[in-house]
Amino acid sequence: MESKLEHLIEKIKSDGIAEARKSADEIIQKARTEAAEIVKKAKDEGEGIIATAEKEGAKIRSNGEAALKQAARDTVLVTKEQLIRLFDTIFKQEIGATLKPDFLKELIAKIAENFNGDMEVLVSAKDLPALKDFVLSKSREQLKETVTFKVDKGVAKGFRVGLKGNDVYYDFTDESIAELIAEFLNPTIREILNKV
9 MESKLEHLIE KIKSDGIAEA RKSADEIIQK ARTEAAEIVK KAKDEGEGII ATAEKEGAKI
69 RSNGEAALKQ AARDTVLVTK EQLIRLFDTI FKQEIGATLK PDFLKELIAK IAENFNGDME
129 VLVSAKDLPA LKDFVLSKSR EQLKETVTFK VDKGVAKGFR VGLKGNDVYY DFTDESIAEL
189 IAEFLNPTIR EILNKV
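Okay, so the sequence shown: first residue is 9 according to this note's numbering, each after it adds one.
Next up, the structure:
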């Protein structure tokens, strides 16, 4: 009987150990499966985060490059416009320097000699005395018609000339001449600046 009891104890032990091993193996297998799933999920999430970060980085880089290109274009356009304004200012200054009373005297005298009808000359208050005295000192034989001088506050340098009593004038002011020259030169200057 004792041997049966020992045998039964052995069998219970062995069945218990086998059952415990089986349970332990199942727990280990389940833990391994769960661990593998956790690792896979973490890896997938990590790859997703990396992909999102790369997309955001590319977007930021692209936006930055576009902003830099736009800023460069704007800078070039503003610089070109400033250069053209500078050229316009220089034209006006140089033309203004050329339109000194001595030059204006000769020019008005030549126009008066060839003018048909009574002539009206609009000048700045500063230039009026010198120009009027000079032109009127010309002999009446040289002048076909009468010449009248008036002050025009809109004239800084140069003059306007037209038929007396008429509101149409030929404009020989620094601004008018500078505008005329700029009309021809600005397209050329723009073309040169566009090549730069």
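Cβ coordinates follow ideal geometry from the N, Cα and C atoms, glycine included.
Selected residue, minimal CA-CA separation from D141, among A117, A74, A80 and E34: A117
Bridge partners - R168, DSSP secondary structure assignment: L130 and D179
F111 - containing alpha helix (DSSP H), residue span: P109 to N122
Within 7 angstroms, strictly: CB atoms of F157 and V129: yes
Neighbour-count burial assignment, L94, 16 or more Cβ in a 10 Å radius: Around the beta carbon of L94, a 10 Å sphere encloses fewer than 16 other beta carbons of the protein chains shown; the residue is thus reported as exposed.
Three-way DSSP call (helix, strand, coil) for T97 in this model: Helix at T97.
For L91 and K172, the rounded distance between their alpha carbons: 41 angstroms
C-beta atoms of F99 and I189 nearer than 7 angstroms: yes
Anticipated Cβ contact below 8 angstroms, I103 with D182, distance rounded: The Cβ separation is near 5 angstroms, so the contact holds.
Rounded straight-line distance, which links the Cα of V159 to that of A185: Here the sequence assigns Ile to residue 185, which means Ala is not the residue at that position. Cα to Cα, the separation comes out at about 19 angstroms.
DSSP state of K290 mapped onto helix, strand, coil: With the chain running from 9 to 204 in the structure shown, residue 290 is simply not present.
Contact belief for F167 with V143 at Cβ below 8 angstroms, rounded distance in angstroms: Actually they do not touch by this definition, with Cβ atoms about 10 angstroms apart.
Closer than 6 angstroms: T196 CB and nearest the ligand NAD heavy atom: No copy of the ligand NAD appears in this structure; indeed no ligand is present at all.
Under the three-state DSSP convention, the category T87 falls into: helix
Cβ pair L112, L139 closer than 7 angstroms: yes
Neighbour-count burial assignment, S22, 16 or more Cβ in a 10 Å radius: exposed
Between the CA atoms of D96 and E187 - distance to the nearest angstrom: 8 angstroms
For E64 and G72, the rounded distance between their alpha carbons: 12 angstroms
Residue from D110, V169, Q101 and A44 with nearest C-alpha to N137: The sequence given here has Pro at residue 137, not Asn. Comparing Cα-Cα distances from P137 to each of D110, V169, Q101 and A44, the minimum goes to D110.
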